[in-house]
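So the protein sequences, as listed, match chains A and B.
Here the first sequence is numbered in this note's numbering, starting from 6 and rising by one per residue.
Here the second sequence is numbered in this note's numbering, starting from 253 and rising by one per residue.
In this text, a Cβ means the ideal position worked out from N, Cα and C, and glycines have one as well.
This one's a predicted model, so the numbers in the text were calculated from it and none came from an experiment.
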Amino acid sequence: MNTKIKLVIFFSIALFTACNLDEYPYGFYSEDNFFKTAEDAEAAVNYAYGTLNYLEYSRSIFFLGDMPTEMLTTKSDASVHNQDLNNWKVINFKTNETLENFFKYAYIGINRANAVIKKVPDADFDTKLKNQYLGEAYFLRAWNYFNLVRNFGLVPMHYSLVETLEQTSAGLAADMDEAWGIIFTDCRKAIELLPVYEQPKIGRADRVAAQSLLAKAYLYVASAKENNVLLYRDMKRDVTQMYDSAAYFANEVITKQNTYGFEDNLLSIYDVENPRGKEKIFIMGMDRTGQTEGEYSKISKMFIPYIDGATIYLKQGDTDEFIPSHDGWGEYRTEIDFYNAYDANDRRKNHLIVNKVYDANGQVKSEYPGDLLYPFCRKYIDPEFEGDKTSTRPFLIRYSDIALIYAEAAGPNDLSYNLVNYIRSRAGLGNLRPGLSTADFRNEVRKERKFEMAFEGDYMYDLRRCNKIGEIKEVVDAGLTENQYTFYPIPQAEINLNGELR
Amino acid sequence: MNMKMKRKKQPSLLLFYCLAIMLCWITPHVTFASIEQEGDPINVSGYVKNSQGEVLIGATVKVKGEPMGTVTDINGFYNLKGVPKNAVLEFSYVGFQSQEIPIEGRSRIDVVLVDNLQLQEIVVVGYGTVKKSDLTGSVASIKTDVVKDIPANSIEGLLQGRAAGLQIVNSSQDPGAGSIVRIRGASSLRGSNSPLIVVDGFPLGEAGDLKQINPIDIESVEILKDASASAIYGSRGANGVILVTTKEGHIGKPTIQIKQQLVMSEFTSKLNLWRDPVLMALLSNEARTNAGLSPLYVGEVSSTGIYYPSVEELMTTWKTNTRWDELVFRDAPLSNNTTLSFSNSTERTRINFSANYFTDQGVYIKDNYDKLGFNLKVDHKLYDNLNLRFSDILYLGNRNTNNDLAYWRNPIFPVYDENGDYYLTSSNDYSHPIAISDHRKNQTKMFDNIGSAALEWQVFPSLQLTSQLNYKYGKSTQDAYYPKKYTEAGTFNNGQGVINNWEGQNFVTETYANFQKLVADRHDIGVMVGHSYEYSMSRSSYLQANDFVNEALKNENMSAGNPEKNVISNGYSESKLLSYLARINYTYNNKYLLTFTSRADASSKFGKDNRWAFFPSGAISWKAHEENFVKNLNLFNELKFRFSYGISGNQGISPYQTLSRYGTGKYYNDGNWVTTIGPGYVSGWTGPGWIYRVWSGIPNPGLKWETTSQSDFGIDLGFFNRRLRVTFDYYNKLTYDLLRERNLALSSGYDKMWVNDGKLRNRGIELTVDGIILDNNDWTLSGTFIFSKNKNKVLDLGNTLESGLITNERTDLLFEYSGNNLEQYRGYTNILAIGHPVNVFYGYKTDGIIQTLAEGLEAGLTGEYAMPGEYKYVDLDKNGVVDENDKDVIGDPNPDFTCSLSLNARWRNFDAEIFLNGVVGNDVVNTQAFNQPSNQPLRWTPDNPTNKYPSLRDGRQVMFSDWWIEDGSFLRVQNLTLGYTVKLPSEKIVASKLRLYVNASNLYTFTNFKGYDPEVDLLGVYYGGYPRLRNWTFGIDITF
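Structural data, given as structure tokens:
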């Protein structure tokens, strides 16, 4: 072998190694290989919906919406963070884990919606589908900001997808007009882009959901400014105009579509086996066949007290039927004063709050007062539960809520009276006194909301927008100031790590 | 032999060696040359052998100054006639040091010639070799002769205590288990801390489990410690490098060797188990009563449906007292290790082949490991200056895992019920060891092939080109089945079958040139430049089927599960590394040595902005013993000073961290489960019970390697004709740009992101003393003492806010938790704290046991914590409350120093070795300090107001405190070997050599630690388990 050949062998081996050192993702999706098709876009929209289900976020519907009020309390061995919220220990709120999670997951939802809003327009597929997914993304971004702004006031504003370290910091909204601005404009875009479903879809929002959210948002701001709530009182928007807008969009929901409407029977509103019921404008997409909590729901365990570990049976209204359920952990406990505040004839108390549980033979096993710890909310029972797994899908927007929003926003007109009286009669109560003034009528509607929307994560926000948080016993006892009780503080971890806030 | 081969590769080096030999070795002999020759001629004959006792065929025997001479015959025998009585005989053989021996009237002179290179001690460094005397860096060399009698699955476990600065922890005694390997401490927090292991030039990966290579096939192991030595491996050199050189074909006659080892194991101490059910029941009742619970042992069916007899019943009528350990553990686990090796050489070709069969019984029944290995190495000279090397290693492993059996099961439970079925306490009883052993399946099959081919071309006498191609393929398959009954996974899923596949490939090609030239007799210049490319890939798939109708086939037919409940997943990763390397050695006058090394690495794991990394290092050395003024002292045979400084890296991160990454999930979309995809993926779990997700996915295009700069100062000393040799090193290693995860603003939608942040320091000293006390025909006595001390300190953990560090307000200590969250303490035991070594223990201090309620309240304790019989936690800041701020650094799992001593003795054909290994000054958390039959009876009671143990109380929420920390120092008689070697005259018996030996490992351990054994993992947490095994090995080596 001559030298040349040997040299060729050597250098061919050496050159064999010319290579490309770039990394290409394998086995995971990234911006390079995703957002190309309609299926991608739908998967991304569903990823954004999925945020609402994570237990870090979904449990807070009740924890922030009901727990700090006189509606619910918790048990003594609940996590210290939840006890602090229940007891308004504001000194710890900046590091409260529940608040931190709620805050963080709202933004995770926003980021996922932002991904759809940023990437889908460039993808190459049918415009109608694009509009649908963009509309849902706008709705979800609005929904998450709605959660944030109601609880924290001025929050960091992420208008676009976070893709680099620099983009992880964002400044606070300048004022409430900016903070609510994104909710209003996103809802309007969603209304423009979304269709109305022929029948309610589990876990998906449509134009009616967007109209409902916009009505809720306008009513919230209108009443907050009217009631002189901190920061809201400085807003530029006009109160009357906002009430009108709320009434307009609620009216769209009530009169301009046939998919959603009132459910005649209280129990069927909450029937897990009736997931496409007419009241269900927007509910969580969960099912007992899921593998982890969030995919399935454990909400019922939170409301039911521990009894003896065995299956319990609940009476179906005035009938002789019973449905089974597991017992629970007693985390969300009805406060007795609230229970007693119901009208004695109110079916929403007698049929939806349980003071007697039965065994398989229909014998009373436990009752309140007695050895049942407290009368518990049964809106979230799944009789087909598998162990701890249930298909309970909490309401995010319910038709009756929007009906009451219309009534409150529009004030005492015929439609308003009809809507409120329908809800009252369904609960077994008489009609509202006719001829009330706007202010009195609104007060009556708000009272009605308290009982109709009980345990649905709503009451706390009614108190907030009506500037009544300061009247809660714990708040009064703690001697909290307007600055302390009007909004939760931005979590310390956010202040520490968001360069725009330091 | 290996050494000779190295010489052939580098003839220019040989020249250099010869020069060195002349200087160092021949000088003393020169005096013989002047002896006058006189007297009558005589006949002289004898054998010429090498130091291993093998005959040398064709060795030259000359009479000095006379035209007389001969060569040895096939038996190594020579015969010279008519030689002057006072003549001097010259014995020489290629590759061996020549010897001159005055006849002095004798007629029989047997000679042992010593291998040149053996004398020179050639040391393998990356991409080349160097004489040990010319080393400028810190390299420890271990000849595997010293461990040849100890059977092992992989070499690492055997290296414990054998080199200064090398820390080996053998915390697992499972068959086929690996070891933890560290060189000069831990230099990374989140990346890998394991050294790179390189076998015959093939970088295989992280050290710890080199099971593919039979330790018997290993010739030598080199540990590259300082930057000068390890920087040639660039971005993978920061944790040090272990170079393994396997045996090559033997020069001389064809040899066949059989090595047979049989190992029997036994526990070194008794098991700490309940033998007296009455005492157990009494204490259990006491513990439950103290907790306000109803006692169990009252002769009633408990709430879990189990009948617990009363104490009286246990004392009288209850006969069941099952010794579960006797059912679960083998009496004497056996291990067998058989190696057959064959070696031959012709003028052009050398071959070494070995086959190995290794079986290892675990201490648990049905817990086994066996492996079959083949190793072929061929070295062929295509032309006089072109050499081809080829090697292939094949490994087949088989592991049957059954190592988690409940030997601690309650002795009052029988094994079988009255119907002959397994006695289960309830349908949720998942710890019946016999049922599990009989019905569960958990097997792993492993296969590896490591092949390599190299061309070595001696272009000029001073220039050699080497090109090497390496390829490794490995795969493993796990088969598991968890039956419907007896196992948790099986019960929950109505039978669960698993197939878990993994395969990986490594491809490395390297080409380098070595130039070596002596200029003007005093400038010795060596240059190496090279290039390397490495590709590695791994892929995995996981198949799980659930809900089986019929269990007979276990996981053999996965489609028999319920198709709706199948779980599948797969993974893939790939990384590439392109490198250029260079080394320059310059020696002036054999006194002053200079080395400059550098490597440039481009790794696909690094971000685009930091693709190339450059790792330079330099070293200088002064051989003072070559200076006349030192020579005149007549004290030192060697006095060498070394200093090195350099930079190496650690790229121990997983690939794809510099890319943005989306996550996937599931959503119940209008009645159907659909896959969801979007920005952010779950990279971990956090919070109480790990229920909260950790979100990652923001890329860091600037991500790079961790950098370690290291300086090393060393002295090598030799006295008494090198019979006493001392090596001392001081090093200072600073690692910065530590790979860590920083926290991101909550509103970003992400939690964590990888960054380079933080600093860590390791400083230490190493001392090795080698001595030959006695060396003559009948006696050899030698010893090695090794001492290593490493001091580790966390200097920086990055930005306090971004890293989410916790502050102890009393001491201003900044820290984060590390290690494992222990259920027992509902928290972490270890922390990374600025100013402290890695993983120190952090918890409360205790001051004995509370004797009265008043004492408890006064101590700042409240509620049940203040009761008599409870731990008295100390309120360090004396603010009247014991809270988080009263925690403190309460222990350090890192040893103060480690040391070892090996003593070797030979008397004629008998030899003996004793090896002692010690670890001193480390703390261990003994999690079993108050739940054992040995310590529970010592509890506090009102009648026994001890200050040492608390009262028994079920459900006590114990806080982590110094009460649980014990001194983990130990001195172990690690090995004792006795051997007998017979050399047989080959003409009479087939075999030429026979060796018999007995080895005992883990013979005895001196320690104050109260658990079974203090050798635990690096976090220093002892979890119990079973005692260390003492292994008795009976071995026989036969050479044909």
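Between residue i and residue j, which are expected to be in contact by the criterion C-beta below 8 Å, what is the C-beta distance as a whole number of angstroms?
i, j, result
"B/LYS629", "B/GLU500", "6 Å"
"B/GLU890", "B/ASP968", "6 Å"
"A/ARG447", "A/GLU413", "5 Å"
"A/TYR411", "A/ASN256", "6 Å"
"B/GLY431", "B/GLU408", "A small correction: the amino acid at residue 431 of chain B is Ser; Gly does not occupy that position in the sequence shown. Right, the Cβ-Cβ distance comes to about 4 Å (below 8 Å), so this counts as a contact."
"B/ALA416", "B/PHE1039", "7 Å"
"B/GLY328", "B/VAL300", "5 Å"
"A/ALA229", "A/TYR237", "4 Å"
"A/GLY40", "A/LYS94", "At residue 40 of chain A the sequence reads Phe, which differs from the Gly that was named. About 44 Å separates the two Cβ atoms, so there is no contact after all."
So for residue i, helix, strand or coil by DSSP?
i, result
"B/LYS843", "coil"
"A/TRP185", "helix"
"B/MET1119", "coil"
"B/VAL667", "coil"
"B/ASN1051", "coil"
Within 10 Å of its beta-carbon, does residue i have 16 or more other beta-carbons around it, so buried, or fewer, so exposed?
i, result
"B/ALA285", "Legend: pLDDT at B/ALA285 = 36, less than 50; position of this residue unreliable, value from coordinates given subsequently. Under this definition B/ALA285 is an exposed residue."
"B/SER1234", "Note on identity: in this sequence residue 1234 of chain B is Val, with Ser being the wrong assignment. Flag for B/VAL1234 reads exposed."
"B/HIS775", "exposed"
"A/GLU102", "buried"
"A/GLN204", "exposed"
"A/SER405", "buried"
"A/THR443", "exposed"
"B/PHE348", "buried"
"A/ASN488", "exposed"
"A/TYR337", "buried"
"B/GLU786", "buried"
"B/GLU356", "exposed"
"B/ASN973", "exposed"
"A/GLU197", "exposed"
Just checking: is the beta-carbon of residue i within a distance shorter than 8 Å of some beta-carbon in chain B?
i, result
"A/VAL5", "Outside the modelled stretch of chain A, which goes from 6 to 507, sits residue 5 of chain A, for which no answer is possible."
"A/LYS303", "no"
"A/MET307", "no"
"A/PRO564", "Here chain A covers residues 6 to 507 and nothing more, so residue 564 of chain A does not appear."
"A/TYR31", "yes"
Give a yes or no on whether 8 Å exceeds the smallest Cβ distance from residue i to chain A.
i, result
"B/ALA997", "yes"
"B/LYS918", "yes"
"B/MET780", "no"
"B/LYS724", "no"
"B/VAL553", "no"
"B/TYR908", "yes"
Inset, instruction - Mind the definition here: the stretch 489-500 of chain B touches the stretch 517-527 of chain B only if three or more C-beta pairs lie below 8 Å; say whether that holds. - result: no
Legend entry - At least 3 beta-carbon pairs within less than 8 Å: the stretch 1053-1062 of chain B vs the stretch 1172-1182 of chain B: In this structure the stretch 1053-1062 of chain B does not touch the stretch 1172-1182 of chain B; the number of beta carbon pairs closer than 8 Å is below three.
Legend entry - Given 8 Å, three or more beta-carbon pairs between the stretch 312-329 of chain A and the stretch 71-82 of chain A: no
Legend entry - Cβ pair count under 8 Å reaching 3, the stretch 285-305 of chain A against the stretch 909-924 of chain B: yes
Inset, instruction - Decide if the stretch 438-457 of chain B is in contact with the stretch 1185-1201 of chain B; the criterion is three or more beta carbon pairs, one per stretch, under 8 Å apart. - result: no
Legend entry - Inter-stretch contact (C-beta, 8 Å, three-pair minimum) for the stretch 1147-1155 of chain B and the stretch 1102-1120 of chain B: no
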